[in-house]
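What follows is a short report on a single structure.
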Amino acid sequence: MSREGTASETRIAEAIRAEILRGTLVPGQRLVEREMSERFAAGRSVVRLALGQLAAQGLVEIRRNRGACVRAVSLTEAADVMEARMTLEGLAAARAAERADRAQADGLRTLATDMQSAFDSGHLTHYGRLSARLHERIHDIAGHEAARRLIKELGSRTVHQPDVVSLMGDRAAISLRELLDVVEAVTASDPSEAEAAMRRHLTDVVQALRSLAKDRGAN
Numbered sequence: 017m018s019r020e021g022t023a024s025e026t027r028i029a030e031a032i033r034a035e036i037l038r039g040t041l042v043p044g045q046r047l048v049e050r051e052m053s054e055r056f057a058a059g060r061s062v063v064r065l066a067l068g069q070l071a072a073q074g075l076v077e078i079r080r081n082r083g084a085c086v087r088a089v090s091l092t093e094a095a096d097v098m099e100a101r102m103t104l105e106g107l108a109a110a111r112a113a114e115r116a117d118r119a120q121a122d123g124l125r126t127l128a129t130d131m132q133s134a135f136d137s138g139h140l141t142h143y144g145r146l147s148a149r150l151h152e153r154i155h156d157i158a159g160h161e162a163a164r165r166l167i168k169e170l171g172s173r174t175v176h177q178p179d180v181v182s183l184m185g186d187r188a189a190i191s192l193r194e195l196l197d198v199v200e201a202v203t204a205s206d207p208s209e210a211e212a213a214m215r216r217h218l219t220d221v222v223q224a225l226r227s228l229a230k231d232r233g234a235n
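Following the working numbering, the numbering of the sequence shown begins with 17 at its first residue and continues without gaps.
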């Protein structure tokens, strides 16, 4: 394929990926080549290659004689992925604790205050967005590009499953306390405690996912 064709393939894949991560495209939704071809003004072969990229990332399922659809991820698989992600997130938290300067530490404290305010006000959707932003900020401070890339790849395989679980029942309150512990350790320049706090947080998310899967009889 020409360089132009490869660029188009990547552009289409990135656009569809963004819509899946935003929830605009939902699990099970069909991705019809003809419609995608018209929408992106690209040949169907290019669209097919873009969908193949997304299938390799675990975002799309390509079914024989039935076409492509947004892949649904089971709770059990989401727990497995989060378990694998735990080590990388712990590494990022530890590295952030080693590297954070005063301005970055102040930024984390401000974000933690905003999270507390959102929770206290009952704005759990906003709290969830701030929680995701906290993880991203920690990745930025850590500056560990390999960990960031792998976390992003693993996160794309579960999309919103862990976020939903974190906001169920009393999980939001537990999640908040755990993440405030992470912020405290990072801003105190304590790498060991930052890593341990992040691992505790994600261990609880994994356990919540597995418990929910068991309750629903999911595999």
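Note that beta-carbon positions come from the ideal geometry of N, C-alpha and C, so glycine has one too.
Range of the contiguous beta strand (DSSP E) that encloses residue i
i, result
"residue 83", "83 to 86"
"residue 193", "From DSSP, residue 193 is part of no beta strand (DSSP E) but of the alpha helix (DSSP H) over 187 to 203."
"residue 76", "76 to 79"
Opening and closing residue of the alpha helix (DSSP H) in which residue i lies
i, result
"residue 221", "207 to 232"
"residue 64", "60 to 72"
"residue 55", "49 to 56"
Cβ-based neighbour list, residue i, same chain, cut-off 8 Å, excluding 5 preceding and 5 following
i, result
"residue 143", "131, 134, 135, 183, 188 and 192"
"residue 33", "70, 73, 75 and 172"
"residue 20", "Only weak support exists for where residue 20 lies, its pLDDT of 47 falling under 50; the coordinates are left without a value."
Residue i, buried or exposed, once every other Cβ within 10 Å from all chains shown has been counted against 16
i, result
"residue 36", "buried"
"residue 101", "buried"
"residue 39", "exposed"
"residue 30", "exposed"
"residue 230", "exposed"
"residue 86", "buried"
"residue 116", "buried"
"residue 51", "exposed"
"residue 42", "exposed"
"residue 217", "buried"
"residue 66", "buried"
"residue 162", "exposed"
"residue 204", "exposed"
"residue 147", "buried"
6 Å Cβ shell around residue i - same chain, five flanking residues per side excluded
i, result
"residue 225", "91, 94, 95 and 181"
"residue 112", "154, 157, 158 and 202"
"residue 211", "106, 109 and 110"
"residue 119", "none"
"residue 122", "none"
"residue 227", "none"
"residue 206", "113"
Within 8 Å, strictly: CB atoms of residue i and residue j
i, j, result
"residue 125", "residue 222", "no"
"residue 78", "residue 58", "no"
"residue 26", "residue 98", "no"
"residue 166", "residue 104", "yes"
"residue 170", "residue 149", "no"
"residue 47", "residue 84", "yes"
Nonlocal neighbours in the same chain, by C-beta distance under 7 Å from residue i, ignoring five residues either side
i, result
"residue 88", "43 and 44"
Segments of 4+ residues assigned as alpha helix (DSSP H) that fall wholly inside the region 92 to 170: 118 to 136 and 140 to 158
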